[in-house]
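**Q** Residue numbers (UniProt numbering): 1 to 935.
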């Protein structure tokens, strides 16, 4: 979700900014953009509520489904220490001079007491594999249809409107009930979003209890007005409930992806749902399912990496964790897949830049993660605020109706991103007025809710458009039906208020342990010369730690942590977290570890004199350099070069020159949201550890990996470029594209050794003459026996015709075959009758002296393809297995036609006959491969 750039509050300098924003010209552009957006959002004069009547009389209105209004007891005022929320730098999320205070209403001396150390998850802690048939959005209930049908135009438009919470906050930082009455009572707004902390609210971060007080107060007003329809509140809980004070934050999504463990993704979603629900909020704007195809892009860390299959699997798992049985379980929330679609394919790596994506590539690489989310039952979706091939998504019939609704069969509620309709006029220049932006989007798309988020203009103009017969009343009704059904599904008509029983479960030790486990499995060792890691013996006598990320919880957490841009002040975490330095002291002892400041994240010296830190380094046994990025989010994180600032790289140079010829070892720990460039200085270090953004509880797990207490099992979920030329190159490029990364996709070292056996197949031929009823693009799958005939059949399908039943391409549904039905098992040779699937197996043995977790990757490559060049490799399956010392396990993978499909130039989805290669652990030293044939 895009935040705050059009905020109506004054702007000033934040504690955290991106590199480029600090430059004068960029600052001017940002301020100009904010000023223009604020003026445009206020351009429509306020008008009285529209009195249009529905087709039926008020006497026919159905009674509201809720039957009670619980009365909350007033909470006593809390005395808090004072902090200045932001200083004088540019920041669109705070107002000038607003003093915010810490909210102590959490554990560690809080009035609310200590959270429960553990809790019973009531059977909801179920591995994702057991949710084969999750609940899905879909049919509209009769009572919801009746409710929507009887609404006035003004009520309909209000339910489609979403406003940010800052519009309800007074100058004192408290909820202004007059503003609540205005937005809810007069304009009938159906939804609100964001944390008050981002909009000059009283607290730096709101506890679940204080957040629920705010949400419940708004809810009471909604239930006292008109049809008494509850509002639905949405929040960016993107790595845990990161905006709820005291809630457990997990690694950012890029770190979760590095675990290659769907159970961890599921559990992070379940805990985020519980803690968000404790705040009275039943809807989260997560997960982000864009794939990180350009490594300069500032939202790489919010993704599950560059691979479509990995993003699909991890996204599906976290959605199942967030939602569970969300229509019955009130500890779960409605998830929101975002940003549909192509947002990450920025042409220049900048946030919000245009994307150029051929349609067949869109279908093969960008759609799968979203399709997996739809199949997992995701309740809502958010469109993207970019244009794809010149067409803005928010006004596109093709992307939001034809593709999302018709082809992918998404039936949930669709919300725009922040201020998106305005951009059709202000940025994309599709239309000459705000009114026409509403007309275009409502006429051409199936958008249901507009994140306006700071003006009445949409509510007013939607009504006028219907009155002027430029759109139909039924168009509004259809969207409101989906909005109201969502509210019913998450239980708001049944019990619209927060559940106080969830408050003691926020921030439990059980949840923190889960976050630490996630960090442990994410940490990726990329270089380990002469097995310098784990640190042991004399290398641990004197350890010197330096670098800007060494003693910072904020750096470990990144953006979207406490606040939109993250924070620099670790005090705001209220002792909830551990730095890398803290972890090293725990692992090696205080007497062995010393910390010396060197440079900040911008590379500026923070020592009394430049180079002072080298005085302590020269006698060290091991020097640990903790480099990387300061927190940022979205446009504030735009940079012009992938390289780390020279001042940080210079630390590597200076230390390596100082210890040259000695036994001192240098370990580089990277704390970063995207793979920052190291130039050639990576050659000067003995070990490299990629920590990503492991969250506030990541400091000790990093130290555990360095000490050997934890055997690292993380693998890179993205390509780590070696130079600027690689920034937009992904491992699944076509075979002719150069691929010379510093570290390839899937890279990562563990301690000890592992051995892979040869790949075993139960058959060497796969029959593709069968097909499934519907392809990913809504086109029948075509097994190729004659390419010209296939093109003819594809053309019929694209024109809406159905192939005749006697067509050679129509052969019924896919045959399901179990192992016992296969007459002959083959090992590396021979042939059997072709079947509709092939079972592959490989034996993996831990030959080292320590237990390990090993990720087995399955890639498929088509040797030759007649129309679209085949990928060099393409991941089709992965599995993480635990292996004790000396233990062996057999890992299985089934090859089906589903894994072989691609979209041709004519956008037909097909499988082409020929030879294929199955590879285990491609681009790794232990890679194995075998051929099979498609007939």
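Where a beta carbon is used, it is the ideal one built from N, C-alpha and C, also for glycine.
According to the neighbour-count rule (16 or more other Cβ atoms, all chains shown, within 10 Å of its Cβ), is residue 243 buried or exposed?
**A** Numbered from 1 along the chain shown, position 243 holds the residue referred to as residue 243. The residue is buried, with at least 16 neighbouring Cβ atoms inside 10 Å.
**Q** Would DSSP call residue 161 helix, strand or coil?
**A** Taking the chain shown and counting its residues from 1, the one referred to as residue 161 is at position 161. Strand.
**Q** Measure how close the beta-carbons of residue 279 and residue 215 come, nearest whole angstrom, since I'm counting them as under 8 Å.
**A** Numbered from 1 along the chain shown, position 279 holds the residue referred to as residue 279. Numbered from 1 along the chain shown, position 215 holds the residue referred to as residue 215. Yes, residue 279 and residue 215 are in contact; Cβ-Cβ is about 7 Å, under 8 Å.
**Q** Pull up the distance between the alpha-carbon of residue 619 and that of residue 643, whole angstroms please.
**A** Position 619 of the chain shown, counting from 1, holds the residue named residue 619. Position 643 of the chain shown, counting from 1, holds the residue named residue 643. Going from the Cα of residue 619 to the Cα of residue 643 covers about 29 Å.
**Q** What are the complete alpha helix (DSSP H) segments, minimum 4 residues, inside the region 303-340?
**A** 308-323, all fully within the region 303-340.
**Q** Can you tell me the Cα-Cα spacing of residue 921 and residue 857, whole angstroms?
**A** Position 921 of the chain shown, counted from the first residue, corresponds to residue 921. Position 857 of the chain shown, counted from the first residue, corresponds to residue 857. If I take the Cα positions, the gap works out to 5 Å.
**Q** Return yes when the Cβ of residue 257 is within less than 8 Å of the Cβ of residue 314, no when it is not.
**A** Residue mapping note: residue 314 aligns to position 314 of the chain shown, counting from 1. Residue mapping note: residue 257 aligns to position 257 of the chain shown, counting from 1. In contact: residue 314 and residue 257 (Cβ atoms closer than 8 Å).
**Q** Classify residue 661: buried if its beta carbon has 16 or more other beta carbons within 10 angstroms, exposed otherwise.
**A** Position 661 of the chain shown, counted from the first residue, corresponds to residue 661. The residue is exposed, with fewer than 16 neighbouring Cβ atoms inside 10 Å.
**Q** Could you check the C-alpha separation between residue 171 and residue 226 for me, to the nearest Å?
**A** Within the chain shown, the letter at position 171 stands for residue 171. Within the chain shown, the letter at position 226 stands for residue 226. One C-alpha to the other measures close to 28 Å.
**Q** Within the same chain, show all residues whose beta-carbon is closer than 7 Å to that of residue 697, passing over the 5 residues directly before and after it, in chain order.
**A** Reading the chain shown from its first residue, position 697 is the one you call residue 697. 512, 515, 516, 519, 577 and 578.
**Q** Just how far apart, CA to CA, sit residue 586 and residue 350?
**A** The sequence position of residue 586 within the chain shown is 586, counting from 1. The sequence position of residue 350 within the chain shown is 350, counting from 1. Approximately 40 Å between the Cα atoms of the pair.
**Q** With three or more beta-carbon pairs closer than 8 Å as the criterion, would you say the region 334-347 touches the region 362-375?
**A** A contact exists between the region 334-347 and the region 362-375.
**Q** Relative to the alpha-carbon of residue 483, which residue among 884, 569 and 450 has its alpha-carbon at the smallest distance?
**A** Residue mapping note: residue 483 aligns to position 483 of the chain shown, counting from 1. When each option's Cα is compared against that of residue 483, the closest is 450.
**Q** In its own chain, which residues sit with a C-beta less than 7 Å from the C-beta of residue 877, not counting the 5 before and 5 after it?
**A** On the chain shown, residue 877 is found 877 positions in, with the first residue counted as 1. Only 858 and 893 meet the Cβ criterion.
**Q** Which residue from 603, 541 and 902 puts its Cα closest to that of residue 364?
**A** Counting from one through the chain shown, the residue named residue 364 turns up at place 364. Closest by alpha carbon: 902.
**Q** For residue 664, collect the residues of the same chain with a Cβ closer than 6 Å to its Cβ; drop the 5 residues on either side in sequence, then sort them by chain order.
**A** For the purposes of this step, residue 664 is taken as residue 664 along the chain shown, with counting starting at 1. Counting only Cβ-Cβ distances below 6 Å, and skipping sequence neighbours, we find 620.
**Q** CA-CA distance, residue 383 and residue 331?
**A** Translated into the one-based positions of the chain shown, residue 383 becomes position 383. Translated into the one-based positions of the chain shown, residue 331 becomes position 331. Roughly 26 Å between the two C-alpha positions.
**Q** Of the choices 846, 766 and 453, whose alpha-carbon is the least far from that of residue 158?
**A** Counted from its first residue, the chain shown places residue 158 at position 158. Residue 453 is the option with its Cα nearest to residue 158.
**Q** For the structure I just gave you, are there three or more beta carbon pairs, one from the region 386-399 and one from the region 138-149, closer than 8 Å?
**A** Contact between the region 386-399 and the region 138-149 is absent, because fewer than three Cβ pairs lie under 8 Å.
**Q** Hey, how far is the Cα of residue 285 from the Cα of residue 658?
**A** Position 285 of the chain shown holds residue 285. Position 658 of the chain shown holds residue 658. For residue 285 and residue 658, the distance between alpha carbons rounds to 49 Å.
**Q** Taking the alpha-carbon of residue 625 as reference, which of 702, 230 and 864 has the nearest alpha-carbon?
**A** Your numbering for residue 625 matches position 625 in the chain shown. The shortest C-alpha separation from residue 625 is found at 702.
**Q** State the Cα-Cα distance for the pair residue 522 and residue 669, rounded to the nearest angstrom.
**A** Against the chain shown, residue 522 aligns to sequence position 522. Against the chain shown, residue 669 aligns to sequence position 669. Spanning the two alpha carbons is a distance of roughly 13 Å.
**Q** By how many angstroms is the C-alpha of residue 370 removed from the C-alpha of residue 507?
**A** Along the chain shown, read from residue 1 onward, the residue named residue 507 stands at position 507. Along the chain shown, read from residue 1 onward, the residue named residue 370 stands at position 370. Whole-angstrom Cα-Cα distance: 31 Å.
**Q** Measure the alpha-carbon distance for residue 559 versus residue 573 and round it to whole angstroms.
**A** The residue labelled residue 559 in the question sits at position 559 within the chain shown. The residue labelled residue 573 in the question sits at position 573 within the chain shown. Roughly 14 Å between the two C-alpha positions.
**Q** Within 10 angstroms of the Cβ of residue 317, are there 16 or more other Cβ atoms? Answer buried if so, exposed if not.
**A** Locating residue 317 in the chain shown gives position 317, counting from the first residue. Residue 317 comes out buried.
**Q** Residues bridged to residue 392 by DSSP?
**A** Walking along the chain shown from the start, residue 392 turns up at place 392. According to DSSP, residue 392 bridges with 387.
**Q** Pick from 544, 524, 923 and 882: whose alpha carbon is nearest that of residue 689?
**A** Here residue 689 refers to the residue found at position 689 when the chain shown is read from its first residue. The shortest C-alpha separation from residue 689 is found at 524.
**Q** Less than 7 Å between C-beta atoms, sequence neighbours within five positions excluded: which residues of the same chain meet that for residue 430?
**A** Along the chain shown, one-based indexing puts residue 430 at 430. These residues qualify, in order along the chain: 392, 395, 424 and 440.
**Q** Name the two residues that bound the continuous alpha helix (DSSP H) containing residue 704.
**A** For the purposes of this step, residue 704 is taken as residue 704 along the chain shown, with counting starting at 1. Residue 704 -> alpha helix (DSSP H) spans 699-707.
**Q** So, is residue 816 buried or exposed, given that buried needs 16 or more other C-beta atoms within 10 angstroms?
**A** As a working note, residue 816 is residue 816 in the chain shown. Because the pLDDT of residue 816 is 34, which lies under 50, any placement of that residue in the model is unreliable, and the number read from its coordinates should be weighed accordingly. Exposed, since its Cβ has fewer than 16 Cβ neighbours within 10 Å.
**Q** Taking the alpha-carbon positions, what's the residue 707 to residue 182 distance?
**A** Sequence index remark: in the chain shown, residue 707 carries index 707 (1-based). Sequence index remark: in the chain shown, residue 182 carries index 182 (1-based). Each residue's alpha carbon lies about 58 Å from the other.
**Q** Just checking my contact of residue 117 with residue 509 at CB under 8 Å: how many whole Å lie between their CB atoms?
**A** For the purposes of this step, residue 117 is taken as the residue at position 117 of the chain shown. For the purposes of this step, residue 509 is taken as the residue at position 509 of the chain shown. Right, their Cβ atoms sit about 4 Å apart.
**Q** Keeping to the same chain, check which residues put their C-beta closer than 6 Å to that of residue 466; ignore five residues upstream and five downstream.
**A** Within the chain shown, residue 466 is the residue found at index 466, counting from 1. Closer than 6 Å at the Cβ level, and outside the excluded window around residue 466, lie 153 and 473.
**Q** So what does DSSP say about residue 270, is it helix, strand or coil?
**A** Indexing the chain shown from 1 puts residue 270 at position 270. Helix, per DSSP.
**Q** Quick one, are the C-beta atoms of residue 206 and residue 103 less than 8 Å apart?
**A** Residue mapping note: residue 206 aligns to position 206 of the chain shown, counting from 1. Residue mapping note: residue 103 aligns to position 103 of the chain shown, counting from 1. Going by C-beta atoms, residue 206 is nearer than 8 Å to residue 103.
**Q** Grab the span of the alpha helix (DSSP H) containing residue 739 for me, first residue to last.
**A** Numbered from its first residue, the chain shown carries residue 739 at position 739. No alpha helix (DSSP H) holds residue 739; DSSP gives it neither H nor E.
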